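Counting in the UniProt record's numbering, the sequence shown runs from 1 upward without gaps. From the three backbone atoms N, C-alpha and C, an ideal C-beta is built for every residue, glycine too. For clarity, every value in this text was computed on a predicted model and none was experimentally measured. The block underneath contains the structure these notes are about, expressed in structure tokens.
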Amino acid sequence: MGLFFHIYKPTKLILDDRLTMRQIMPYYRWWKDTADVLVTCRIFIFNVTNSDRWLEGLDDQLIMEEVVPIVYREILEHDNVTFHEHNSTMSYVTRRGLEFLPDRNVPGILNRTIIVPNISLLGVAARMENDNYFMKRGFNLIYSMSGDTVFSRMTIYDYLWNTRPPFLNQARKFVPSMVPSDNVGVLKTMYEDHEDHLNVRHGKRYGNDQFFMMNTYENEPTVPGFSLAKGDCFASIQNSSEGATYPQNLDEQSVLIYWRKTLCRAVPLYFERRVQKGPLTGYKYVLPDNSYDRLPDSDADCYKGQFGLLENGMTDTSKCSHDVPIVATSPHFYARNFSTAHKITGMKPDRENQHSYAIVDPSFGIPLDQCARTQTNLAIPKLSGYSADIRRFSEMIIPMFWIEYHQQELPMHIVRTLQAFYVIRDVEPYLPYILYMCFVLLLAVAFREAARYKMQGKISPTKYTKPQLTRL
């Protein structure tokens with residue numbers, strides 16, 4: 001046994017076994033059943049406090065006020081798991097949903113009234129900016145007939161789940177093919193396609209470095225909406241992770257690639273420092289401030305924008321937003337000073353509370369604490385051919401909301417298992433010698449017992465007693 005553990009390290013055997021994702025093992029069940037892992041989704045909406053004065057030209061800037069967060073729990077399910085032994089990959093379906101958490105929200109928050117820019121109206125106007133005169137005339141006619149306005153007053157619940165602007169309802173009557181849905185609630189839109197199909201690598205063939213890296217998402221190696229057949233940029237999702245687990249045996253040079261559909265791209269996370277999380281030591285990987293900057297090679301920059309070159313710090317998500325010019329940035333534009341943001345005020349950047357990171361157990365790649373934060377905005381180019389109230393939004397970026405997904409801690413049974421692993425790792429160098437000593441000790445005891453038994457036989461031999469005959 002000592003020789004066995006001298007050749008084969010127990011911790012390596014454990015990690016090698018996890019690569020296979022055997023369904024009877026605990027680590028498979030940790031990944032498959034996430035019911036006891038709490039992931040909160042907090043959404044911060046920007047409310048406009050001076051819409052009338054701004055439209056009348058009395059104020060030069062829109063005043064944006066962040067509304068207290070609305071808190072949900074994100075439910076994650078992994079289902080329909082299929083192992084492909086011929087190429088050492090695994091396919092499965094991911095389902096995500098939200099559950100409102102009353103105890104973490106301000107009472108009555110969903111009934112609070114807010115004023116927000118009419119993103120559907122302005123988004124379509126921005127999308128049609130390069131269209132011809134007659135297309136814009138049709139847009140203006142539909143806008144006039146709908147009776148809609150450039151600002152919408154609604155409850156937070158309607159903004160999140162039941163936004164039905166009159167403009168879209170009117171447009172759907174004339175061009176239904178261009179209006180896929182008349183309900184464009186923020187969270188309703190984000191979670192309406194709640195099933196995702198993934199294929200990831202596993203097994204010893206790929207090893208620790210490529211464990212659970214994605215091959216395809218929705219059966220393609222690229223971000224949905226990017227078509228190589230149509231000549232689109234190769235926006236790869238390969239080698240990324242959905243965040244449930246990362247590769248094993250990480251070090252300070254490792255780069256984690258995180259994929260989130262709401263961001264419409266995969267982004268790299270780089271090592272920053274070691275962090276103590278309870279009894280465990282994790283590696284903290286962070287999203288750099290320049291992650292959304294333009295690349296030197298414009299042809300390789302898949303997120304530079306389809307309606308003009310975006311500024312550094314902006315990443316185009318229009319492919320995931322029905323080609324409406326939606327862009328993602330850091331919350332409150334921290335680390336950036338956009339020229340197109342000069343028409344708004346109220347941003348309060350704070351990196352400590354707004355940056356994205358993952359604190360990961362370096363051996364197993366299991367996230368101990370991770371937080372993904374991003375802001376969704378509408379990027380409007382220079383507008384022409386529209387009414388004055390729409391043209392007022394020309395050449396500006398409009399913050400809509402920012403969202404935070406936060407997994408704060410692991411269940412205790414997982415933490416204790418990881419602790420036990422590191423106890424084994426600490427005694428591992430001495431384990432063969434301990435077993436050797438135990439073996440020698442057992443031999444010594446065996447020899448001693450054998451010798452004592454032999455000595456007892458010499459001192460007290462058994463005497464033969466001749467049987468006596470009895471006369472009848």
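The beta carbons of serine 356 and alanine 372 sit closer together than 7 Å. Taking the Cβ atoms as the reference, arginine 172 lies roughly 18 Å from aspartate 158, outside the contact range of under 8 Å. Taken through DSSP and simplified to helix, strand or coil, glycine 123 comes out as helix.
When the five nearest sequence neighbours on each side are left out, the beta carbons in the same chain lying within less than 6 Å of the beta carbon of isoleucine 403 are those of Ile43, in order along the chain.
Counting only the Cα atoms, aspartate 196 lies some 27 Å from proline 362. The residues Met90, Phe212 and Met214, in chain order, have a CB closer than 6 Å to that of valine 200 in the same chain once the five nearest residues on each side in sequence are set aside. Rounded to whole angstroms, the separation of the alpha carbons of glycine 346 and glycine 305 is 25 Å.
The region 98 to 106 makes no contact with the region 375 to 392; the number of CB pairs closer than 8 Å stays below 3. An exposed status is given to methionine 437, since fewer than 16 other beta-carbon atoms sit within 10 Å of its beta-carbon.
Under a 10 Å Cβ-count criterion, arginine 127 is classified as buried, with 16 or more other Cβ atoms of the shown protein chains found around its own Cβ.
For proline 399, DSSP records a beta bridge to Asn377. For proline 117, the beta-bridge partners assigned by DSSP are Phe151. At a cut-off of 4 residues, the continuous stretches assigned as alpha helix (DSSP H) that sit fully inside the region 51 to 99 are 51 to 55.
Pairing aspartate 60 with phenylalanine 393, the inter-Cα distance amounts to about 11 Å. Alanine 420 carries a helical assignment under DSSP once its states are collapsed to helix, strand and coil.
Where lysine 284 is concerned, the enclosing beta strand (DSSP E) starts and stops at 280 to 286.
Only residues of its own chain outside the window of five on either side were considered, and among them Ile115 and Phe151 have a CB closer than 7 Å to the CB of serine 51, listed in chain order.
Check the Cα spacing between tryptophan 259 and each of Tyr217, Val275, Met178 and His332: the tightest is with Tyr217.
The beta carbon of arginine 95 lies closer than 7 Å to those of Glu77, Asp79, His194 and Glu195 in the same chain, with the five residues before and after it left out. In terms of Cβ geometry, serine 146 and phenylalanine 174 do not form a close pair [threshold 7 Å].
Spatial neighbours of arginine 18 in its own chain (CB-CB distance under 6 Å, excluding positions within 5 residues in sequence) are listed in chain order as Tyr27. With distances taken between CA atoms, proline 331 lies nearest to Phe46 out of Phe46, Glu395, Asp33 and Thr155. Membership of leucine 198 in the beta strand (DSSP E) is indicated by the continuous run 195 to 201. Following the DSSP letters along the chain, one finds threonine 189 in no beta strand (DSSP E) but inside the alpha helix (DSSP H) bounded by residues 186 to 191. Its Cα nearest to that of threonine 82, the residue Lys32 stands out among Lys32, Glu65 and Cys233.
With respect to leucine 368, lysine 277 sits close: the two C-beta atoms are nearer than 7 Å. Comparing alpha-carbon positions, the option among Lys343, Glu409, Ala35 and Pro349 lying closest to valine 360 turns out to be Glu409. Aspartate 299 is classed as exposed because its beta carbon has fewer than 16 other beta carbons within 10 Å across all chains shown. For tryptophan 259, the beta-bridge partners assigned by DSSP are Ala266. Spatial neighbours of aspartate 209 in its own chain (CB-CB distance under 6 Å, excluding positions within 5 residues in sequence) are listed in chain order as Pro247. In the three-state reduction of the DSSP assignment, glutamine 370 falls in the strand class.
With a cutoff of 7 Å on beta-carbon distance, methionine 190 and threonine 262 are scored as near each other.
Listed as beta-bridge partners of alanine 358 by DSSP are Tyr285 and Gln370.
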